[in-house]
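Q: Position in the sequence shown (from 1) plus 680 gives the number in this note's numbering.
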Amino acid sequence: MMRIRYLVFLLAPLIQCASVPTIQPPKFDYSRLISNFIEKNPEGHFPLTVQRGNNTDPSASGTGYLFYASDLDGSSDIWMRDLRSTVNVPLVRHPAEQTDPYVTPDGKLLAYVSFELDAGGDIRLVAVDPEAIVEANLRGEDPPNLWFDSVNLSHYLDEVGLRLGPECKGSFSEKDPVLSPNGDEIYFVSDRCNPGTYRIWSLKLEEQESESLPVPVSPENSIQPSVSGDGRYLAYLVRPSAESPPRIEILDRSSGEQYRIPLEAGPERQPFLYFRPSLSLDGKSLYYGIIRKDTNRNGILDQADDAALAGISVEDVV
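1. Ignore the nearest five residues each way along the sequence and tell me which others in residue 873's own chain have a CB closer than 7 Å to its CB.
2. Buried or exposed: where does residue 686 fall if 16 or more other Cβ atoms within 10 Å of its Cβ makes it buried?
3. Using only the alpha-carbon positions, how far apart do residue 898 and residue 860 sit?
4. Run the CB neighbour count on residue 726, radius 10 Å, all protein chains shown included, and call it buried at 16 or more, exposed below.
5. Identify, in the order they occur along the chain, each residue of the same chain with its Cβ nearer than 8 Å to the Cβ of residue 814, setting aside the five sequence neighbours on each side.
6. Who are the near neighbours of residue 740 in its chain, counting only those whose CB is closer than 8 Å to its CB and skipping five residues on each side?
7. Of the residues 959, 920, 808 and 947, which one's Cα is nearest the Cα of residue 971?
8. Near residue 889, what residues of its chain come up, given a Cβ to Cβ distance below 7 Å and the 5 sequence neighbours on each side ignored?
9. Between residue 992 and the rest of its own chain, which residues show a CB-CB distance below 6 Å, the 5 nearest in sequence each way excluded?
10. Just reading off the beta strand (DSSP E) that residue 747 is part of, what are its end residues?
11. Quick check on residue 962: buried or exposed, where buried means 16 or more other Cβ atoms within 10 Å of its Cβ?
12. List, from N- to C-terminal side, the beta strand (DSSP E) runs of 3 residues or more that fit wholly inside the stretch 801-838.
13. If you draw a straight line from the C-alpha of residue 988 to the C-alpha of residue 711, how long is it?
14. For residue 790, report the span of its beta strand (DSSP E) as first-last.
15. Using the C-alpha atoms, what's the distance from residue 754 back to residue 822?
16. Shortest alpha-carbon distance to residue 751 belongs to which of 934, 735 and 852?
17. Could you check the C-alpha separation between residue 837 and residue 804 for me, to the nearest Å?
18. Excluding five sequence neighbours on each side, which residues of the same chain lie with their C-beta closer than 8 Å to the C-beta of residue 980?
19. Compute the beta-carbon to beta-carbon distance between residue 786 and residue 729, rounded to the nearest angstrom, for a pair I have assumed lies under 8 Å.
20. On a CA-only basis, which of 817, 879, 812 and 826 is nearest residue 794? Give me that one, please.
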């Protein structure tokens, strides 16, 4: 039986400096640029990507690197942008769709979803060195394809699934990966053990003598997890049924207590639509998207309608 040792990653040797200095791209102070933009355009959107195609699923490290999915070259790949310069490169390239990147605050561990082998999605993990990638790009070198270095975590989940019960054996959908701040635990959405009914699961990634087993940590029909910077709080969206409005909850991982966010339900005939709860790195604020009006007039509230961003203080809830 294979042992799980997902935190033992071998980083590539350090790239030696070239004998001639590289030409440095322009540097950007995004904090100042965004502040100036919002001051002049209070309801505007500041673009962080300008390339063609659909650029989605953003995840930023605390060290200034943005990871996202883009279909610029056809199928969706995982890209990285240095938010202090113009360096913007594809890091995970594959004919199949690659989506939902999530990077740890230090920018060293990346999780993403691959649709190569499973239409429901497989989670893959890979070590990444953004600084070395940027330096190599400035020397004119091609970016690495981290697909070949990544580990398929879903293969491990399929292997140990039987130990959770006969109904948990085999391949299931895994998506929406979120890593704990220090990268020793991963949260993800899966319908394991109950096909078609999704919950948020947790898996310890640290090296250990015995195999780690995934554990469900949320109610049924939970999706879109977000973890605070200290790892204490986990926020997620719950969609009980098509007839019931979605709700947002916060789970205190230290105590196991669950807290429901007070939300406006909206009109009974067309309840407000909530999505993508996101905890701030300091764990003090929770942000989420909300759609209140059928702006495209197709008779329903959906992701094609205009949305707004709302927030609430975590200490007012827990």
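Just so it is clear, CB atoms sit at the ideal spot from N, CA and C, and this is done for glycine as well.
A: In short:
1. 844, 845, 847 and 848
2. Low per-residue confidence applies at residue 686: pLDDT is 40, beneath 50, and the placement is therefore not dependable, though the value from the model is reported in the following sentence. By the neighbour-count rule (16 or more Cβ atoms within 10 Å), residue 686 is buried.
3. 16 Å
4. exposed
5. 762, 765 and 767
6. Within the same chain, residue 740 has close Cβ partners 746, 747, 763 and 783.
7. If we check each option's Cα against that of residue 971, 947 comes out closest.
8. Model confidence at residue 889 stands at a pLDDT of 49, short of 50, so the residue's coordinates are unreliable; what they give is reported in the following sentence. Closer than 7 Å at the Cβ level, and outside the excluded window around residue 889, lies no residue.
9. 966
10. 745-750
11. Label assigned to residue 962: exposed.
12. As far as the stretch 801-838 is concerned, its whole beta strand (DSSP E) runs of at least 3 residues are 802-807.
13. 21 Å
14. 789-794
15. 19 Å
16. 735
17. 11 Å
18. So the list reads 950 and 974, once near-sequence residues are dropped.
19. Not confirmed; about 22 Å, so no contact.
20. 826
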